[in-house]
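Protein chains in written order, with this note's numbering: chain X, 7 to 236; chain Z, 9 to 235.
A virtual CB, placed ideally from N, CA and C, is assigned to each residue, including glycine.
Data first, discussion second: the structure below is written as structure tokens.
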């Protein structure tokens, strides 16, 4: 299984993602933002964290227009598993692949901490290795991580069990304690915490590996990997 | 010796939709008409055709002389004058910048201060109607320049932590009479559009798709005709 890790100018978590994906049993390949197509061998996509395009205008706002995002959107539409981490989550929201938006944390605090995260559903591309209710310890590292969406969208997310992760103790003011959501087809998942930074005992937690293992497992089942570069 | 201090040149004068075709070569700081100085034995028209071929990679047909303009020669010692024969002509194909051309640019009248003096003189002469035969239609692009200000702020009802934090700091300065602080972004740009309605429509669409995230942000747009 090969996971494409998308890099924009300003992305800074790609190496961690590559390493963690390796530990989860996959192979990772960096994907440049200027690429118009994903390589045929890509079975899943991770949009890594950082500060794409300096977070100018809004977080993720410019990255969304990168050539590679059209390919990612096509990959996602075909059912390919896509995981957006932190800035990657923001990019997916801006691109309209996920609902809602991320705004500045409550109290204008940059947060760099460990957060307890409850897995709310085991039927997404990033959580199929978990049982609902399981609690993960993952690092958070963000300024614009407060999730927000319209009341109608929230109602939909709840009804369809598309809130994938909730903070046990809401650190940033996110609506309904939301830390991660998925799209309708459940193959596109975004979350603010960093699973790749909880992928080795030395890092204090290996809970993030399950997220990446889930991604690899869903890549195996996905019909989309082939379509990706069609 | 009567021509001491005079540079002769020949240029192609081409206007489309109200904008003048200009080129910039090397690291020059002004835009020039495509053209240049005749070489020995060359007529002005031949020189103009050669320069246009070199600079823009096209041949011209239906060439005719519009007139001659004089102006201070840009980049020459003070007192040097350029006398430039300006020709109209139809290009054979697409314009492709030659090796020495840094930039090909269609300048509008509002950008006249970017033109080298000779270029500017030709533009002013043409605008004054002194060169009959230039189709009046080419002057009227129908486009008007508007200055746009887009103010982006958090949607009402949505937390604006920056505004709230600033507001909380105000009492320490003795400002207890200030409330409702909101912090946002101001984005300014110019837009060329047929009228204010069309400009506003395009700006609003741009706000919706790019400049704001409608989930969390509102935009207040003002569109004013550029002076």
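Range of the contiguous alpha helix (DSSP H) that encloses residue i
{"i": "residue 131/Z", "result": "125-135"}
{"i": "residue 176/Z", "result": "169-177"}
{"i": "residue 129/X", "result": "No alpha helix (DSSP H) contains residue 129/X, which DSSP labels as neither H nor E."}
{"i": "residue 61/Z", "result": "52-64"}
{"i": "residue 81/X", "result": "73-83"}
{"i": "residue 94/X", "result": "93-100"}
{"i": "residue 238/X", "result": "No information on residue 238/X is available, as it lies outside the stretch 7 to 236 that chain X covers here."}
Residues near residue i in its chain [Cβ-Cβ closer than 8 Å; skip 5 each side]
{"i": "residue 164/Z", "result": "226"}
Neighbourhood of residue i by C-beta, 7 Å cutoff - its chain only, sequence neighbours within 5 removed
{"i": "residue 116/Z", "result": "26 and 27"}
{"i": "residue 29/X", "result": "205, 206 and 215"}
{"i": "residue 133/Z", "result": "75, 77 and 139"}
{"i": "residue 145/Z", "result": "For residue 145/Z, the predicted model reports a pLDDT of 49, less than 50, meaning its position is unreliable; a value from the coordinates is still stated below. Correct list: empty, nothing qualifies."}
{"i": "residue 177/X", "result": "117, 119, 121 and 146"}
{"i": "residue 22/X", "result": "202 and 203"}
{"i": "residue 213/X", "result": "142, 143, 144 and 204"}
Span separating the alpha-carbon of residue i from that of residue j
{"i": "residue 222/Z", "j": "residue 92/Z", "result": "54 Å"}
{"i": "residue 108/X", "j": "residue 151/X", "result": "5 Å"}
{"i": "residue 27/X", "j": "residue 141/X", "result": "21 Å"}
{"i": "residue 230/Z", "j": "residue 211/Z", "result": "9 Å"}
{"i": "residue 41/Z", "j": "residue 88/Z", "result": "18 Å"}
{"i": "residue 159/Z", "j": "residue 200/Z", "result": "20 Å"}
{"i": "residue 192/Z", "j": "residue 162/Z", "result": "7 Å"}
{"i": "residue 166/Z", "j": "residue 87/X", "result": "32 Å"}
{"i": "residue 49/Z", "j": "residue 59/Z", "result": "15 Å"}
{"i": "residue 136/Z", "j": "residue 127/Z", "result": "14 Å"}
{"i": "residue 168/X", "j": "residue 41/X", "result": "30 Å"}
{"i": "residue 11/X", "j": "residue 94/X", "result": "10 Å"}
{"i": "residue 114/X", "j": "residue 224/Z", "result": "16 Å"}
{"i": "residue 155/Z", "j": "residue 72/X", "result": "28 Å"}
{"i": "residue 38/Z", "j": "residue 86/Z", "result": "16 Å"}
{"i": "residue 199/X", "j": "residue 111/X", "result": "13 Å"}
{"i": "residue 183/X", "j": "residue 126/X", "result": "11 Å"}
{"i": "residue 180/X", "j": "residue 153/X", "result": "4 Å"}
{"i": "residue 226/X", "j": "residue 48/X", "result": "11 Å"}
{"i": "residue 235/Z", "j": "residue 122/Z", "result": "17 Å"}
{"i": "residue 92/X", "j": "residue 50/X", "result": "17 Å"}
{"i": "residue 155/X", "j": "residue 106/X", "result": "4 Å"}
{"i": "residue 29/Z", "j": "residue 217/Z", "result": "32 Å"}
Residues sharing a beta bridge with residue i, DSSP
{"i": "residue 111/Z", "result": "32/Z"}
{"i": "residue 153/X", "result": "108/X"}
{"i": "residue 193/X", "result": "Residue 193/X pairs with nothing; no bridge assigned."}
{"i": "residue 156/Z", "result": "197/Z and 231/Z"}
{"i": "residue 206/X", "result": "211/X"}
{"i": "residue 171/X", "result": "125/X and 186/X"}
{"i": "residue 146/X", "result": "119/X"}
C-beta contact flag for residue i and residue j at 7 Å
{"i": "residue 17/X", "j": "residue 58/X", "result": "yes"}
{"i": "residue 56/Z", "j": "residue 95/Z", "result": "yes"}
{"i": "residue 90/X", "j": "residue 196/X", "result": "yes"}
{"i": "residue 60/X", "j": "residue 19/X", "result": "no"}
{"i": "residue 153/Z", "j": "residue 198/Z", "result": "yes"}
{"i": "residue 6/Z", "j": "residue 157/Z", "result": "Since the displayed chain Z opens at 9 and closes at 235, residue 6/Z lies outside it and no answer follows."}
{"i": "residue 170/X", "j": "residue 133/X", "result": "yes"}
{"i": "residue 131/X", "j": "residue 189/X", "result": "no"}
{"i": "residue 63/X", "j": "residue 82/X", "result": "no"}
{"i": "residue 43/X", "j": "residue 77/X", "result": "yes"}
{"i": "residue 102/Z", "j": "residue 112/Z", "result": "no"}
{"i": "residue 110/Z", "j": "residue 17/Z", "result": "no"}
{"i": "residue 80/Z", "j": "residue 125/Z", "result": "yes"}
{"i": "residue 71/Z", "j": "residue 97/Z", "result": "yes"}
{"i": "residue 53/X", "j": "residue 97/X", "result": "yes"}
{"i": "residue 63/Z", "j": "residue 31/Z", "result": "yes"}
6 Å Cβ shell around residue i - same chain, five flanking residues per side excluded
{"i": "residue 67/X", "result": "100"}
{"i": "residue 175/Z", "result": "189"}
{"i": "residue 67/Z", "result": "100"}
{"i": "residue 220/X", "result": "132, 133, 134 and 135"}
{"i": "residue 217/X", "result": "132 and 201"}
{"i": "residue 35/X", "result": "8 and 10"}
{"i": "residue 137/X", "result": "128"}
For residue i, the first and last residue of its enclosing beta strand (DSSP E)
{"i": "residue 226/Z", "result": "225-233"}
{"i": "residue 138/X", "result": "From DSSP, residue 138/X is part of no beta strand (DSSP E); its letter is neither H nor E."}
{"i": "residue 94/Z", "result": "89-99"}
{"i": "residue 189/Z", "result": "No beta strand (DSSP E) holds residue 189/Z; DSSP gives it neither H nor E."}
{"i": "residue 188/X", "result": "184-188"}
{"i": "residue 12/X", "result": "8-13"}
{"i": "residue 70/Z", "result": "68-80"}
{"i": "residue 35/X", "result": "33-38"}
{"i": "residue 164/Z", "result": "No beta strand (DSSP E) holds residue 164/Z; DSSP gives it neither H nor E."}
{"i": "residue 15/Z", "result": "14-20"}
Cross-chain neighbours of residue i in chain B, by beta carbon under 8 Å
{"i": "residue 107/X", "result": "Among the protein chains of the structure shown, namely X and Z, there is no chain B."}
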